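Presented below is the structure to which this report refers.
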Amino acid sequence: MKIISKRAAGKTLSGDSFSFAQQAKAAKRAGFDVLDATLGTFYYDDGSFRGFEAVKEIFRSLPDEDYFSYAPIAGGIPFASAVLDWVFRASRAAIEKEMAVRVVPTPGGTGAISSAVFLTLDHGKSVLIPDLAWGPYDGIAANFGVRTERFKFFAGNVFNFEDFRLKGEAVAQRDGKLAVIINDPCHNPTGYTLSPGELSRIIAYLNEKKDTPCVLIYDIAYLDYSNEGREAARRKLEILTKAEPHVLIAVAFSASKSFCAYGQRLGALIMMNKNEDVVQELFRSLAFHARHSWSNANRAMISMMTAIAADEGLRRRLDDEIDIVVGELRERSAIFLAEAKSAGLAVYPYHGGFFLTVPARDNEKTLRDLREKEHFYFLPFRESLRVAICAIPKNKLKGVAATVKKYCPD
Numbered sequence: 019m020k021i022i023s024k025r026a027a028g029k030t031l032s033g034d035s036f037s038f039a040q041q042a043k044a045a046k047r048a049g050f051d052v053l054d055a056t057l058g059t060f061y062y063d064d065g066s067f068r069g070f071e072a073v074k075e076i077f078r079s080l081p082d083e084d085y086f087s088y089a090p091i092a093g094g095i096p097f098a099s100a101v102l103d104w105v106f107r108a109s110r111a112a113i114e115k116e117m118a119v120r121v122v123p124t125p126g127g128t129g130a131i132s133s134a135v136f137l138t139l140d141h142g143k144s145v146l147i148p149d150l151a152w153g154p155y156d157g158i159a160a161n162f163g164v165r166t167e168r169f170k171f172f173a174g175n176v177f178n179f180e181d182f183r184l185k186g187e188a189v190a191q192r193d194g195k196l197a198v199i200i201n202d203p204c205h206n207p208t209g210y211t212l213s214p215g216e217l218s219r220i221i222a223y224l225n226e227k228k229d230t231p232c233v234l235i236y237d238i239a240y241l242d243y244s245n246e247g248r249e250a251a252r253r254k255l256e257i258l259t260k261a262e263p264h265v266l267i268a269v270a271f272s273a274s275k276s277f278c279a280y281g282q283r284l285g286a287l288i289m290m291n292k293n294e295d296v297v298q299e300l301f302r303s304l305a306f307h308a309r310h311s312w313s314n315a316n317r318a319m320i321s322m323m324t325a326i327a328a329d330e331g332l333r334r335r336l337d338d339e340i341d342i343v344v345g346e347l348r349e350r351s352a353i354f355l356a357e358a359k360s361a362g363l364a365v366y367p368y369h370g371g372f373f374l375t376v377p378a379r380d381n382e383k384t385l386r387d388l389r390e391k392e393h394f395y396f397l398p399f400r401e402s403l404r405v406a407i408c409a410i411p412k413n414k415l416k417g418v419a420a421t422v423k424k425y426c427p428d
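In this note's numbering, the protein residues as written are 19 to 428.
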């Protein structure tokens, strides 16, 4: 008999984005001129990383108790209200009119997604994810003995609803339940954003499965960086209220990402359903899970969110700082996409956000050649490579697409 448990045995962290980022940093220390496009961290055009000034101002103003002491396990009513104000904005009243809604803080958006999987899926069941998807979805599922099933994300330049439905039917028939993770807007890794019609079609399909409990884990990590515009992105969330009682909506929010405070881990799981009893049971279970997993979330970040909700001027300043980042991402993507078109480099459909993705059938060789010959560091995805334009200043971005094309002929 081994000391290690069966559920932990064989699990090794490898090929993670942070390991590739460490390789890039090591190459820099060795004196190479490195293009590090590995992590979803925004760097300004002068090459610097900076937190938002409004966030820093709030942190500096907090009394010690609101910065260093324990936070309530379930966040507290002011925090829940602050999250709903930020995430839903003008759509909050319309959403709460149609749905019972509860909120629990988590360690980042990852904690929210992990909690949703834990709350809704039993050991041996499956969660449906796109073939192009953020890598940790697989690890989150594996931690709870849950399998990942994949559907083809694209049909040409649009969401592949037919394969989504086909794979969804197979999972529902086998498991008696259908759980799906969708990252939208600014899908990681491609930057694709679902149209309101595409999201409506997903909800309508789940509604059809009246005898099958369904869960939509809606990962909105990049909500604030969408080219849809701040209000349009929120109005689209109203589509979620069309979900019928057998469909749970679990919205995974990342305050760490929205407020450019990546290392200050705070997220929230927003649980929505037509049935108040369903949401209350999930809320109680998640509070129990939180207490016996990470215990308390980041008090300073919780205090920051409640401060923003209480001060319209602070919120406008934060919006302005976010808009600067969105504008930079728009300019960088325009440079890369124009050069890719000129060079004949294929790129998956991009609408906004931190990342672009290039199809590359032999991505291991392509990535190795780019590292060894050009000192370009990207992230591997399924038969593709992800370019984190968030991390590349414009003066270093010029010529990148043409260089990638040299090593990615197909």
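Glycine included, each C-beta is placed from N, C-alpha and C at the ideal position.
The structure displayed is predicted, hence computed values, not measured ones.
Span of the alpha helix (DSSP H) around residue i
{"i": "Ser-99", "result": "95-106"}
{"i": "Arg-418", "result": "In the sequence on display, residue 418 carries Val and not Arg. Element bounds for Val-418: 418-425."}
{"i": "Pro-154", "result": "154-161"}
{"i": "Arg-317", "result": "317-328"}
{"i": "Ala-134", "result": "126-138"}
{"i": "Leu-415", "result": "412-415"}
{"i": "His-307", "result": "294-309"}
{"i": "Val-73", "result": "71-79"}
Range of the contiguous beta strand (DSSP E) that encloses residue i
{"i": "Asn-291", "result": "285-291"}
{"i": "Ala-222", "result": "Where Ala-222 is concerned, there is no enclosing beta strand (DSSP E), although the alpha helix (DSSP H) it sits in stretches over 214-226."}
{"i": "Arg-110", "result": "That residue, Arg-110, is in no beta strand (DSSP E); its alpha helix (DSSP H) goes 110-116."}
{"i": "Thr-166", "result": "165-169"}
{"i": "Ile-147", "result": "144-148"}
{"i": "Phe-86", "result": "No beta strand (DSSP E) contains Phe-86, which is instead part of the alpha helix (DSSP H) from 82-86."}
{"i": "Arg-400", "result": "First-last for Arg-400: undefined, no H or E at that position."}
Cβ-Cβ separation, residue j to residue i (assumed contact under 8 Å), whole Å
{"i": "Asn-316", "j": "Gln-282", "result": "6 Å"}
{"i": "Arg-335", "j": "Ala-26", "result": "Actually they do not touch by this definition, with Cβ atoms about 45 Å apart."}
{"i": "Ser-402", "j": "Thr-375", "result": "5 Å"}
{"i": "Ala-130", "j": "Ala-270", "result": "4 Å"}
{"i": "Asp-149", "j": "Arg-168", "result": "5 Å"}
{"i": "Leu-212", "j": "Leu-224", "result": "Contact flag wrong, Cβ pair sits at about 14 Å."}
{"i": "Tyr-236", "j": "Pro-203", "result": "About 10 Å separates the two Cβ atoms, so there is no contact after all."}
{"i": "Glu-349", "j": "Lys-412", "result": "6 Å"}
{"i": "Val-121", "j": "Ile-158", "result": "That belief does not hold up - the Cβ atoms of Val-121 and Ile-158 are roughly 20 Å apart, past 8 Å."}
{"i": "Leu-217", "j": "Ile-257", "result": "5 Å"}
{"i": "Lys-185", "j": "Leu-146", "result": "6 Å"}
Residues sharing a beta bridge with residue i, DSSP
{"i": "Cys-232", "result": "Leu-196 and Val-265"}
{"i": "Arg-253", "result": "DSSP output for Arg-253 lists no bridge partner at all."}
{"i": "Ala-270", "result": "Asp-237 and Leu-287"}
{"i": "Leu-336", "result": "Its beta-bridge partners do not exist; DSSP assigns none."}
{"i": "Pro-203", "result": "Pro-203 pairs with nothing; no bridge assigned."}
{"i": "Pro-123", "result": "Ala-286"}
{"i": "Leu-53", "result": "Phe-394"}
{"i": "Gly-172", "result": "Correcting the residue identity first, residue 172 is Phe in this sequence and not Gly. Its beta-bridge partners are Phe-177."}
{"i": "Ala-406", "result": "Phe-373"}
Selected residue, minimal CA-CA separation from residue i, among the options
{"i": "Ile-95", "options": "Val-296, Ala-364 and Met-323", "result": "Met-323"}
{"i": "Met-290", "options": "Lys-260, Arg-192, Lys-275 and His-310", "result": "Lys-260"}
{"i": "Tyr-106", "options": "Arg-248, Ala-318, Ile-340 and Trp-312", "result": "Checking the sequence, you will find Phe at residue 106 rather than Tyr. For the residues Arg-248, Ala-318, Ile-340 and Trp-312, the minimum Cα distance to Phe-106 belongs to Arg-248."}
{"i": "Asp-156", "options": "Leu-31, Ala-305 and Ala-352", "result": "Leu-31"}
{"i": "Val-296", "options": "Val-418, Glu-83, Val-265 and Ile-407", "result": "Val-265"}
{"i": "Thr-230", "options": "Tyr-243, Lys-195 and Ala-420", "result": "Lys-195"}
{"i": "Glu-330", "options": "Ala-42, Phe-38 and Trp-104", "result": "Trp-104"}
{"i": "Val-189", "options": "Phe-179, Pro-203 and Thr-166", "result": "Thr-166"}
{"i": "Ala-273", "options": "Phe-399, Val-176 and Phe-97", "result": "Phe-97"}
{"i": "Val-405", "options": "Ala-239, Cys-426 and Pro-207", "result": "Pro-207"}
{"i": "Asp-337", "options": "Phe-277, Arg-302 and Ala-378", "result": "Phe-277"}
{"i": "Leu-363", "options": "Ala-419, Phe-60 and Ile-199", "result": "Ala-419"}
{"i": "Gln-40", "options": "Tyr-425, Lys-423, Phe-396 and Lys-292", "result": "Phe-396"}
{"i": "Thr-421", "options": "Glu-226, Leu-385 and Leu-80", "result": "Leu-385"}
{"i": "His-369", "options": "Ala-251, Lys-275, Ile-267 and Ala-268", "result": "Ala-251"}
{"i": "Gly-174", "options": "Phe-136, Tyr-210 and Ser-99", "result": "Tyr-210"}
{"i": "Lys-423", "options": "Arg-400, Ile-410, Phe-394 and Cys-408", "result": "Phe-394"}
{"i": "Val-36", "options": "Pro-398, Ile-407 and Tyr-425", "result": "Correcting the residue type first, residue 36 is Phe in the shown sequence and not Val. For the residues Pro-398, Ile-407 and Tyr-425, the minimum Cα distance to Phe-36 belongs to Pro-398."}
{"i": "Leu-300", "options": "Ser-133, Ala-409 and Phe-179", "result": "Ser-133"}
- Item | Those runs of the beta strand (DSSP E) which lie wholly inside the segment 353-380 and span at least 3 residues | Those beta strand (DSSP E) runs which fall completely within the segment 353-380 and span 3+ residues are 373-377.
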